[in-house]
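Undergrad: I have a structure here, written as structure tokens, and I will follow up with some questions on it.
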């Protein structure tokens with residue numbers, strides 16, 4: 001017999017136990033959850049399908065797990081272990097081993113020897129627990145080193161590794177740019193997260209934590225006593241088993257997780273997550289928008305400044321939390337009432353049970369999660385999220401919104417004060433809606449109905465029916481084939497599609513091409529105003545007074561009949577809007593001149609930048625908003641509003657009507673600009689001569705050209721002062737507004 005030829009042992013489709021010979025074996029488990037034992041010799045073990053356990057035994061063995069969640073033990077010898085697909089455990093044992101995790105989230109234990117680790121795909125861990133020396137492992141350098149008994153540096157290779165677990169000695173564990181988990185275990189460890197959102201677990205000892213870039217979390221679960229950790233002071237302290245105070249360092253850490261004892265966790269100026277776990281913990285958020293999770297126990301939760309949220313997800317019982325009273329309570333397993341303190345908390349997230357969450361006078365978010373919850377917003381503009389279950393919503397005072405998170409289509413009617421849906425068991429669930437103004441639907445085909453107030457109805461995904469009812473309603477369809485009926489009042493439809501929309505109020509429809517390339521037609525009834533998408537939209541009005549806003553994209557506007565408004569508030573570039581030429585032009589980020597059409601538009605509203613708006617011969621309304629805007633009303637009695645900034649109100653002729661300036665403010669730098677050629681009257685360029693301006697109701701000397709009645713706000717032009725020609729009213733300012741010659745500039 002040739003002793004160099006392997007003995008071949010094949011399993012079955014079932015769960016096999018296959019044991020090799022003292023020689024060279026090739027053992028294949030095939031399907032089933034198999035146990036393969038190589039024994040002595042240089043063996044090849046292949047688990048194939050199933051969750052297999054492979055033992056190489058003595059010799060230099062090759063172990064391949066195959067598909068499934070396998071456990072591979074190299075034992076003695078320099079072995080080659082490959083987990084294959086699945087979440088595998090690889091134990092190298094003695095010898096210099098090669099451990100390859102393959103697909104899945106794998107656990108790699110090298111053991112004694114100079115080992116090579118390749119986690120493959122997935123989220124993989126290397127454990128150094130078997131080492132008898134402190135280790136320095138650096139994922140950014142793909143290596144780990146330690147000094148052995150002979151004083152020689154041993155270098156191991158780390159490829160595709162995301163997590164590290166150290167030894168009982170003083171380790172240095174260093175992450176890379178990914179999201180790493182570094183667990184020092186015992187010893188005085190140094191844990192450096194590097195880039196990414198890292199989790200650092202020191203274990204016992206005096207540890208040094210530096211999260212590096214990203215959102216990093218320190219876990220104190222390994223401590224045997226309560227911890228006081230203060231991110232604002234970059235330190236954590238606890239009393240060890242010998243009664244000695246231990247001080248640990250916290251650098252670039254954003255989040256903290258405490259122990260099973262009575263911890264004190266303190267945040268800093270950033271956005272922190274503080275999780276007390278068990279024990280009666282004190283959590284102080286400090287500045288920033290913090291998330292506080294007390295865990296079990298009678299916890300003290302103070303969010304500090306910012307918008308802070310308390311999560312009760314760790315509780316095993318229904319909770320009653322009242323922000324207006326500053327407390328939360330529940331009955332524990334022994335029937336004892338546990339009371340938590342809530343200070344400077346704005347938002348609450350409940351448990352999987354039947355919670356009661358109550359807001360205060362501020363703007364709160366109350367999220368019931370699972371269970372039949374009662375959510376009471378109190379004052380303020382609150383957001384109420386019931387989760388699954390039969391929930392009761394009362395927004396209280398303010399403008400309150402209910403978000404439906406059911407896995408079924410919802411019919412919610414604010415005029416009836418209820419919402420219904422069919423649950424998994426085919427049973428109709430009825431929820432209560434009191435003092436609710438706004439609704440946000442599910443991913444299914446919802447029907448959302450408003451009441452007599454001003455409502456916001458968001459359909460989200462699905463083919464939704466949105467009915468505004470009375471009031472000035474805003475309807476957001478989301479994706480899908482939606483039906484919009486604004487009802488009475490001035491109602492707006494906001495299009496949220498992923499492609500350009502053509503919406504025509506005169507036809508009562510809107511069309512767009514969906515992701516599948518199919519034309520979708522939506523219905524528009526009793527809609528007065530439209531807001532387009534980020535694409536090149538066409539927005540067409542009807543015979544009513546329409547308000548049209550295109551947002552991003554190169555849009556086409558046609559107001560139709562009525563007095564219509566085109567609004568450009570969300571344009572990224574300053575615009576020149578001219579109602580005479582029916583165009584809006586601007587220069588984009590690439591230096592290109594963009595022209596949009598504004599047909600049958602009477603009113604313009606600008607951006608937050610420095611706009612130039614020109615009216616036509618009709619009665620126009622021009623609104624500059626933020627920025628240093630220039631407004632020319634042109635002929636007709638126009639309404640001009642500059643908004644914030646140093647604005648110019650231009651007049652080309654004294655005979656173009658009386659323009660009303662609603663917000664002239666000389667201290668803000670506003671000016672009235674006059675054309676010298678068209679006005680005449682001997683005006684000189686620059687700031688108006690003081691002799692050509694007077695306060696009163698009529699000229700008092702021949703040189704007077706501009707007469708301002710500071711009681712009524714009327715501004716007149718008189719071409720010859722006290723001569724024979726009559727004065728003409730040019731503009732109407734608010735009564736009592738100060739005006740002088742310095743506020744009039746001649747060009």
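Numbering (the working numbering), first residue to last: 1 to 747. Just so you know, even glycine gets a beta-carbon here, dropped at the ideal spot from N, CA and C.
1. Pick from 600, 218 and 127: whose alpha carbon is nearest that of residue 274?
2. Which residue's Cα is closest to the Cα of residue 176: 167, 151, 53 and 210?
3. Roughly how far, in whole angstroms, is the beta-carbon of residue 579 from the beta-carbon of residue 620, given that I think they are within contact range, below 8 Å?
4. Would you call the CB atoms of residue 80 and residue 62 closer than 8 Å?
5. Roughly how many angstroms lie between the CA atoms of residue 369 and residue 180, to the nearest whole one?
6. Return yes when the Cβ of residue 629 is within less than 8 Å of the Cβ of residue 645, no when it is not.
7. Going by CA-CA distance only, name the one from 195, 533 and 130 that's closest to residue 512.
8. Counting C-beta neighbours from all protein chains within 10 Å, is the total for residue 264 16 or more, i.e. buried, or is it exposed?
9. I need the boundaries of the beta strand (DSSP E) containing residue 438, first residue and last residue.
10. Just mark residue 334 as buried or exposed, buried being the case when its beta carbon has 16 or more other beta carbons within 10 Å.
11. Which word fits residue 518, buried or exposed, when buried means at least 16 other C-beta atoms lie within 10 angstroms of its C-beta?
12. Is it buried or exposed for residue 1, if we count other Cβ within 10 angstroms and need 16 for buried?
13. If you pair each beta-carbon of the stretch 246–264 with each one of the stretch 217–237, do three or more pairs fall below 8 Å?
14. Between the stretch 626–640 and the stretch 697–715, do three or more beta carbon pairs fall short of 8 Å?
15. Please state if the CB of residue 344 and the CB of residue 363 are separated by a distance shorter than 8 Å.
16. If you follow the beta strand (DSSP E) that residue 693 is in, where does it begin and where does it stop?
17. If I measure Cβ to Cβ from residue 733 and keep anything under 6 Å in the same chain, skipping five residues before and after, which residues do I get?
18. Taking all protein chains shown into account, do 16 or more other C-beta atoms lie within 10 angstroms of the C-beta of residue 684, making it buried, or fewer, making it exposed?
19. Could you give the distance in angstroms between the alpha-carbon of residue 239 and the alpha-carbon of residue 107?
20. Let me confirm a value: residue 87 is counted as buried when at least 16 other C-beta atoms fall within 10 Å, else exposed. Which label applies?
21. Report, in whole angstroms, the separation of the C-beta atoms of residue 607 and residue 569, which I expect to be a contact under 8 Å.
22. Assuming residue 375 contacts residue 393 under a Cβ cut-off of 8 Å, what Cβ separation, rounded to an integer in Å, is found between them?
23. If you draw a straight line from the C-alpha of residue 552 to the C-alpha of residue 572, how long is it?
24. Please check the pair residue 259 and residue 220, which I expect to be a contact at CB under 8 Å, by giving their CB distance rounded to whole angstroms.
25. Is it right to say residue 150 is buried, meaning 16 or more other beta carbons lie within 10 angstroms of its own, or is it exposed?
26. Count the other CB atoms within 10 Å of the CB of residue 247; is the residue buried (16 or more) or exposed (fewer)?
27. Could you check what DSSP says for residue 678 in three-state terms: helix, strand or coil?
28. Between the stretch 325–332 and the stretch 269–284, can you find at least three pairs of beta-carbon atoms closer than 8 Å?
29. Alpha carbon to alpha carbon, what distance is there between residue 384 and residue 765?
30. Would the beta-carbon of residue 557 fall within 8 Å of that of residue 598?
31. For residue 515, count neighbouring C-beta atoms within 10 Å of its own C-beta (all shown protein chains included) and say buried if the count is 16 or more, exposed if not.
32. Where do the ends of the beta strand (DSSP E) carrying residue 137 lie?
33. Less than 8 Å between the C-beta atoms of residue 563 and residue 547, yes or no?
34. Which of helix, strand or coil does DSSP assign to residue 667?
35. Just to check my reading of the structure: residue 610 and residue 627 have Cβ atoms closer than 8 Å, yes? What is that Cβ distance to the nearest angstrom?
36. Provide the residue span of the beta strand (DSSP E) that contains residue 567, from first to last.
TA: Reading off the structure:
1. Numbered from 1 along the chain shown, position 274 holds the residue referred to as residue 274. For residue 274, the nearest C-alpha among the options comes from 218.
2. In the chain shown, residue 176 corresponds to position 176, counting from 1. Here the closest residue by C-alpha is 210.
3. Translated into the one-based positions of the chain shown, residue 579 becomes position 579. Translated into the one-based positions of the chain shown, residue 620 becomes position 620. 6 Å between Cβ atoms; contact.
4. On the chain shown, residue 80 is found 80 positions in, with the first residue counted as 1. On the chain shown, residue 62 is found 62 positions in, with the first residue counted as 1. Yes, they are a contact pair.
5. In the chain shown, counting from the first residue as 1, residue 369 sits at position 369. In the chain shown, counting from the first residue as 1, residue 180 sits at position 180. Residue 180 has its alpha-carbon roughly 30 Å from the corresponding atom of residue 369.
6. By one-based count along the chain shown, residue 645 stands at place 645. By one-based count along the chain shown, residue 629 stands at place 629. Yes.
7. Position 512 of the chain shown, counted from the start, is the residue given in the question as residue 512. A check of alpha carbon separations from residue 512 across 195, 533 and 130 identifies 533 as the nearest.
8. On the chain shown, residue 264 is found 264 positions in, with the first residue counted as 1. It is buried - the Cβ of residue 264 has at least 16 other Cβ atoms within 10 Å.
9. For the purposes of this step, residue 438 is identified with residue 438 of the chain shown, where counting begins at 1. First-last of the beta strand (DSSP E) with residue 438: 438–440.
10. For the purposes of this step, residue 334 is identified with residue 334 of the chain shown, where counting begins at 1. Residue 334 counts as exposed, since fewer than 16 other beta carbons sit within 10 angstroms of its beta carbon.
11. Stepping through the chain shown from its first residue, residue 518 is reached at position 518. With fewer than 16 other Cβ atoms within 10 Å, it is exposed.
12. Within the chain shown, the letter at position 1 stands for residue 1. In this prediction, residue 1 has a pLDDT of 44, which is less than 50 and means its spatial position is unreliable; nothing more can be read from the coordinates.
13. yes
14. Not touching, per the Cβ criterion.
15. Here residue 363 refers to the residue found at position 363 when the chain shown is read from its first residue. Here residue 344 refers to the residue found at position 344 when the chain shown is read from its first residue. Cβ distance not < 8 Å, so residue 363 and residue 344 don't count as in contact.
16. Counting from one through the chain shown, the residue named residue 693 turns up at place 693. That run of the beta strand (DSSP E) goes 693–695.
17. Locating residue 733 in the chain shown gives position 733, where the first residue counts as 1. 661, 664 and 713.
18. Position 684 of the chain shown holds residue 684. With fewer than 16 Cβ atoms within 10 Å of its Cβ, residue 684 is classed as exposed.
19. Taking the first residue of the chain shown as position 1, residue 239 is located at position 239. Taking the first residue of the chain shown as position 1, residue 107 is located at position 107. Taking the Cα positions, residue 239 is about 33 Å away from residue 107.
20. Start at 1 with the first residue of the chain shown, and residue 87 comes out as number 87. Residue burial annotation: residue 87 is buried, with at least 16 other C-beta atoms found within 10 angstroms of its C-beta.
21. Within the chain shown, numbered from 1, the residue matching residue 607 stands at position 607. Within the chain shown, numbered from 1, the residue matching residue 569 stands at position 569. Right, the Cβ-Cβ distance comes to about 6 Å (below 8 Å), so this counts as a contact.
22. Residue mapping note: residue 375 aligns to position 375 of the chain shown, counting from 1. Residue mapping note: residue 393 aligns to position 393 of the chain shown, counting from 1. Going by Cβ atoms, the distance from residue 375 to residue 393 rounds to 5 Å, so yes, they are a contact pair.
23. Within the chain shown, the letter at position 552 stands for residue 552. Within the chain shown, the letter at position 572 stands for residue 572. Taking the straight line from one Cα to the other gives about 8 Å.
24. Residue 259 sits at position 259 when you count from the first residue of the chain shown. Residue 220 sits at position 220 when you count from the first residue of the chain shown. Contact between residue 259 and residue 220 holds: their C-beta atoms lie close to 5 Å from each other, under 8 Å.
25. On the chain shown, position 150 is the one that residue 150 refers to. Answer is exposed; the Cβ neighbour count stays below 16.
26. Position 247 of the chain shown, counted from the start, is the residue given in the question as residue 247. Residue 247 should be labelled exposed.
27. Taking the first residue of the chain shown as 1, we reach residue 678 at position 678. The DSSP-derived three-state label of residue 678 is helix.
28. Counting Cβ pairs under 8 Å, fewer than three are found: no touch.
29. Only positions 1 to 747 of the chain appear in the structure, and residue 765 is not among them; the question remains open.
30. By one-based count along the chain shown, residue 557 stands at place 557. By one-based count along the chain shown, residue 598 stands at place 598. Cβ atoms of residue 557 and residue 598: closer than 8 Å.
31. In the chain shown, the residue the question calls residue 515 occupies position 515. By the neighbour-count rule (16 or more Cβ atoms within 10 Å), residue 515 is not buried but exposed.
32. Counting from 1 along the chain shown, the entry for residue 137 is found at position 137. Element bounds for residue 137: 136–138.
33. Start at 1 with the first residue of the chain shown, and residue 563 comes out as number 563. Start at 1 with the first residue of the chain shown, and residue 547 comes out as number 547. For the 8 Å CB-CB criterion, residue 563 and residue 547 do not form a contact.
34. To locate residue 667, count along the chain shown from 1; it is residue 667. Residue 667 falls in the helix class under three-state DSSP.
35. The residue labelled residue 610 in the question sits at position 610 within the chain shown. The residue labelled residue 627 in the question sits at position 627 within the chain shown. So it is a contact: roughly 4 Å between Cβ atoms.
36. Looking up residue 567 in the chain shown gives position 567. Start and end: 565–567.
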